[in-house]
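Q: One structure is given below, represented as structure tokens, and several questions about it will come after.
Residue numbers (the numbering used here): 382 to 668.
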């Protein structure tokens, strides 16, 4: 549960920071499992992940990953000929986007009773676990993530997505911690990313021009085990990691099940199943 200060921060500033939400053993277990997934991954299918507008890779490998566990490469880990330039375990940008459902270790981490209680506390009636991402933020090549609002990519009507960002390692100014704009959740949603009607690739629909200024953002360095929770309209970004250290983090996105989830959203389940509730995920472990 959030204390009064944390709840007030979430409503006033659009985010709150909860230290020691996970213990180091839980963080290390998730890191170990992520490494196993990467080691089992075949590099035959390469999809380079970027959030720089249309540079964001929108090939079928990405668009069909909503109900799967897939690896995505850092842009700087692949040369012009498509060859991996660093060790594979240092070349992956992220895992996505359904570890919370289809991997037991991630599922256990994601269905924490504390997360469920927070969802109820901030007003969810029917919380649904939409997406999970494991972000590596690799040393020296960990890419910039430009200023964005999560509702751009995970839009519902009314808007409902909340991001749960777990630091699995210390996130510092040197290795690319989050930066956020306090109160920025009160700004309009700037754009929506949509699938093109032919299903090939994505496009952005511009809704506003928020003209963000970097001086309006504050750094959010945190220790491993910390949860940063933020509203879907909260503008945030992270700088490149040019340090010698990784900055592993796990992000879980939750939406309101009673909200409308448009067919034009990029994340669609190929199996046509509904997005799972906490109860449905917990039942999988009971089988």
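A virtual CB, placed ideally from N, CA and C, is assigned to each residue, including glycine.
Which residue or residues does DSSP assign as beta-bridge partners of residue 508?
A: 637
Q: Would you grab the beta carbon distance between residue 610 and residue 473 for me? Rounded to a whole angstrom, and I think it's under 8 Å.
A: Wrong, their Cβ atoms sit about 25 Å apart, outside the cutoff.
Q: Should residue 434 go down as buried or exposed, given a rule of 16 or more other Cβ atoms within 10 Å for buried?
A: Residue placement at residue 434 is poorly supported in this model, since its pLDDT is 41, which falls under 50; the coordinates still yield a value, given next. Exposed, since its Cβ has fewer than 16 Cβ neighbours within 10 Å.
Q: Which runs of the alpha helix (DSSP H) spanning at least 4 residues fall entirely within the stretch 400 to 427, listed in chain order?
A: 405 to 421
Q: Between the alpha carbons of residue 327 and residue 468, how many angstroms are there, rounded?
A: This structure does not reach residue 327, given that the chain is present from 382 up to 668, and the question cannot be answered.
Q: Could you work out which residue in 635, 612, 533 is closest to residue 585 when comparing CA atoms only?
A: 533
Q: Would you call the stretch 622 to 630 and the stretch 517 to 534 touching, i.e. three or more CB-CB distances under 8 Å?
A: Yes, they touch.
Q: In this structure, how does DSSP classify residue 541 when only helix, strand and coil are distinguished?
A: Residue 541: coil per DSSP, three-state reduction.
Q: So, for residue 647: in the same chain, excluding its five sequence neighbours on each side, which residues have a beta-carbon less than 7 Å away from its beta-carbon?
A: 444, 534, 574, 576, 583
Q: Let me know if residue 571 comes out buried or exposed under the rule of 16 or more other beta-carbons within 10 Å of its beta-carbon.
A: buried
Q: Give the C-beta separation of residue 452 and residue 422 to the nearest angstrom, bearing in mind that I take them to be a contact with Cβ-Cβ under 8 Å.
A: 5 Å
Q: Identify which residue in 465, 477, 612 has its Cα closest to the Cα of residue 442.
A: 477
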